[in-house]
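Just so we're aligned, residue 11 is where the sequence shown starts under this note's numbering, counting upward by one.
The C-beta atom is built at its ideal place from N, Cα and C for all residues, glycine as well.
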Amino acid sequence: MTKFFYSKLALGSIKANKVLTLPYLCSGAITVALYYIFLSLCFDKQVAELSAVPIVLNFGVIIIGLFVSIFTFYTYSFLLKKRIKEYGVYFVLGMSKKQLVRIIFCEICYTGMITVCIGLIGGMLFSKVAQLSLFHLWGTQVVVYGLSLSLPSVLVTICLYVCIYALLFIFLLWKILRLNITSLLQQSKRGEKEPKANVLLVLIGIVAIGYGYYLALTIKSPISALFSFFIAVLCVILGTYSLFMVISIFVLRILKSNKVYFYQTKHFIGISSMLYRMKRNALGLANVCILSCMILVAMGTTVSLYAGIENAVQLRSPRDISVLYYSDKLGESHAIKQKIDDVLKQEDVSTQNSINYDYLYATGIKEENQSIRFNPVSKQIDFSKVHLVNVIPLSQYNSTFQQNEHLEIGEILVQSEKTERLTQNQLTLADKTYHIKKQVSKIDIPGEAVANIIGTYFIVISDDEIDILKQNIDTQLNHSVYATTTRYAFRYDFNLSDKTKVQKIAQQLSILNGLKVEDKVEDRVSLRQSFMNMNGSFLFVGIFTSLVFLVSCVMIMYYKQLAEGYEDKQAYAIMQKVGLENKDIKRTICSQVLIVFFAPLCIAGIHVAVAFPYIEKILLLFGLGDTMIFMLSMGITGLVFAIFYGLMYYLTARIYYKIIKE
């Protein structure tokens with residue numbers, strides 16, 4: 011044998027099986043390019059200057075890296091079943107296992123080199139496009155020079171794929187070397203046994219999905235939703251696999267038992283073949299269903315976050331500049347307000363639509379009978395019961411909001427935000443019960459308090475009682491397992507007559523003498539840019555991860571139909587010989603492929619619909635409080651994906667029919 015005999019044989023085998031290998035190489039190159047682009051952005055100096063953005067991109071790199079590793083192994087299993095008979099022929103022709111290993115090694119090397127080289131070239135070509143797109147999402151004007159090669163990104167990408175293909179080679183060795191010649195020849199023809207409907211598996215699936223749905227529909231607190239999100243996701247994934255593997259068999263058996271339906275030409279072959287290979291079909295359908303959910307959630311949530319930036323900015327900072335000052339005593343804020351007014355006077359700008367007031371703030375646990383305590387005895391807290399309490403003196407409430415309310419000792423006014431309205435006419439705060447004179451419909455509270463993700467009570471109390479209430483709260487906090495304090499705060503929010511000086515004045519105020527580290531100066535311009543940087547990065551990660559999931563989904567469906575087409579080819583040939591017409595073949599194919607394609611999409615749609623309130627609460631953590639924006643984003647994402655999904659169905663049905671007719 012010549013020196014390059016094995017490499018030529020491996021290369022010839024790749025060319026001969028181009029129907030299988032070409033899509034695999036293309037999808038592999040796409041994932042390499044996407045991974046390289048992500049890495050190049052993470053190593054980019056301009057991106058690294060932004061505080062939170064690299065964290066988001068690094069998270070995307072980890073997600074894509076893990077997924078492409080799994081995807082490479084999973085899709086190669088489809089190639090292996092078709093190629094394994096070829097390996098058996100090599101054995102029959104006298105080739106030893108050692109020689110076969112050399113061929114497999116050459117094939118893996120060729121596959122890896124082709125995908126990595128093409129992927130790196132594509133990644134380098136499109137990395138600047140991705141960089142410009144990311145900067146555009148941020149709303150920043152950055153000078154981007156010509157094509158460049160990120161050497162660290164190249165090295166990390168090569169190392170990852172060397173590890174992936176090395177593990178793949180080890181897996182193939184274990185798979186091939188443990189089989190004998192007869193097994194290799196028969197392996198590609200061996201179908202899946204018709205599985206039995208396991209009652210235990212049915213129960214596991216129902217309980218898992220039921221519990222996941224229960225969490226999604228009953229969750230109340232955004233913080234609780236974040237903690238239990240992964241539990242719900244794992245339950246739904248487990249239930250999806252279980253139910254696809256059991257319910258699908260159950261449905262097909264019912265159809266098979268219906269003699270009138272089953273013995274129609276358009277149903278007979280499709281149902282029989284799907285039952286014969288149902289275990290593998292169920293696994294593939296479940297994978298497509300889960301990938302579809304990932305695409306819908308990843309794109310829908312990130313699009314809604316980006317589309318809701320203006321809403322989030324308006325909610326968080328309804329005025330140009332917001333100053334939050336903390337003090338130990340009520341009334342200490344007058345000196346700070348005077349200094350702020352002096353800065354504005356020096357810059358020759360006046361305030362518009364300003365609002366300022368002192369208030370007392372604390373965090374408590376809402377208990378039964380409309381009682382709020384500030385000393386939880388356990389660290390195991392139901393976050394749906396955690397509430398913020400902001401207490402405003404009556405005099406400042408009347409002067410700030412142009413009211414003329416009067417309160418007796420023991421009376422309060424209450425407004426509820428992001429929590430249910432109080433049903434009784436009394437509220438207990440730190441073991442003292444107050445009579446609710448009125449529940450106020452709307453107080454023009456500046457944005458940060460309204461933008462809180464947990465329930466908030468705004469309480470108006472007489473000036474003589476606010477210090478007593480603070481003492482009662484402090485007394486409870488002294489016996490708490492938490493090192494929490496309560497303090498007075500002063501808000502001063504205002505618009506400026508000259509919008510061009512907003513950031514300049516905000517910067518001057520942030521270094522104002524008298525402001526402490528915990529005090530905060532916030533302006534709308536900087537806040538909007540911060541939201542654009544963060545949410546734009548999320549959208550960028552969402553688009554790229556969705557592309558990876560989409561490529562995986564397409565490849566799974568493509569190889570699935572190829573494998574089934576080759577397996578059904580002989581059966582259809584026999585049916586043609588006994589008189590089955592081409593139109594009946596087409597009708598049967600459409601019936602089978604329709605089920606295979608749209609069952610995962612329908613189940614994915616149900617999963618996402620049930621998870622809607624769950625995801626909505628999690629998005630509150632990122633500043634999105636507009637349900638309509640989220641609904642529109644999810645609806646548009648679902649419509650676009652459904653159209654693309656239908657196109658996949660059309661193309662796959664044609665490929666399947668072409669194989670049958672060969």
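- Within the DSSP secondary-structure output, Arg501 pairs in a beta bridge with Leu334, Tyr367.
- Annotation for Asp533: the continuous beta strand (DSSP E) segment containing it runs 530–533.
- Residue pairing by DSSP places Glu421 opposite His445 in a beta bridge.
- Distances from the alpha-carbon of Tyr659 to those of Leu630, Ser601, Ala372, Ile613 put Ser601 closest.
- Here Tyr369 is near Gln406, since their CB atoms are less than 9 Å apart.
- The Cβ atoms of Leu76 and Cys52 lie no closer than 9 Å to each other.
- Judged by their CB atoms, Arg664 and Arg329 are not nearer to each other than the 9 Å cut-off.
- In this chain, the beta strand (DSSP E) harbouring Thr466 covers 465–471.
- In chain order, Phe393, Val396, Ile463, Ile464, Leu631 place their CB closer than 8 Å to the CB of Ile233, counting only its own chain and leaving out the 5 sequence neighbours on each side.
- In the three-state reduction of the DSSP assignment, Glu377 falls in the strand class, which pools E and B.
- Ile382 is bridged by DSSP to Lys376, Leu439.
- Only residues of its own chain outside the window of five on either side were considered, and among them Val561, Met565 have a CB closer than 6 Å to the CB of Ser37, listed in chain order.
- Counting only runs of 4 or more residues that sit fully inside the region 557–630, the alpha helix (DSSP H) segments are 592–630, in chain order.
- Residue pairing for Pro403: DSSP places it in a beta bridge opposite Ile471.
- Note on Trp148: 16 or more other CB atoms within 10 angstroms of its CB, so buried under the neighbour-count rule.
- Thr466 counts as buried, since no fewer than 16 other beta carbons sit within 10 angstroms of its beta carbon.
- Counting along the chain, Asn321 sits inside the alpha helix (DSSP H) bounded by residues 319–326.
- Under DSSP, Gln362 shares a beta bridge with Asn505.
- Cα atoms of Phe48 and Lys138: separation of roughly 11 Å, rounded to the nearest angstrom.
- Scanning its chain for C-beta atoms nearer than 6 Å, with the 5 sequence neighbours on each side dropped, one finds around Tyr569 the residues Phe88, in chain order.
- Around the beta carbon of Gly22, fewer than 16 other beta carbons lie within 10 angstroms, which makes this residue exposed.
- Annotation: Lys428 is outside any alpha helix (DSSP H) and is labelled neither H nor E by DSSP.
- The Cβ atoms of Leu293 and Phe260 do not sit closer than 9 Å to each other.
- When C-beta atoms of the region 346–354 are compared with those of the region 402–418, fewer than three pairs fall below 8 Å, so the two segments do not count as touching.
- Counting along the chain, Gln348 sits inside the alpha helix (DSSP H) bounded by residues 344–356.
- Spatial neighbours of Pro33 in its own chain (CB-CB distance under 8 Å, excluding positions within 5 residues in sequence) are listed in chain order as Met565, Tyr568, Tyr569.
- Counted as a single uninterrupted DSSP element, the stretch harbouring Arg188 is not any alpha helix (DSSP H), since DSSP gives it neither H nor E.
- Distance from the Cα of Gly656 is smallest, within the candidate group Cys612, Cys119, Leu437, for Cys612.
- Leu135 carries a helical assignment under DSSP once its states are collapsed to helix, strand and coil.
- In the displayed model, Leu159 falls within coil according to three-state DSSP, outside both helix and strand.
- The beta carbon of Val212 is closer than 6 Å to those of Val256 in its chain, skipping five residues each way along the sequence.
- C-alpha of Gly546 to C-alpha of Leu227: approximately 29 Å in a straight line.
- Rounded to whole angstroms, Leu142 and Thr150 show a C-alpha spacing of 10 Å.
- Ser327 is the residue among Asp529, Ser327, Val588 whose C-alpha sits nearest the C-alpha of Asn505.
- It is roughly 37 Å from the alpha-carbon of Asn488 to the alpha-carbon of Pro623.
- In this structure, the alpha-carbon of Glu342 lies about 56 Å from that of Val558.
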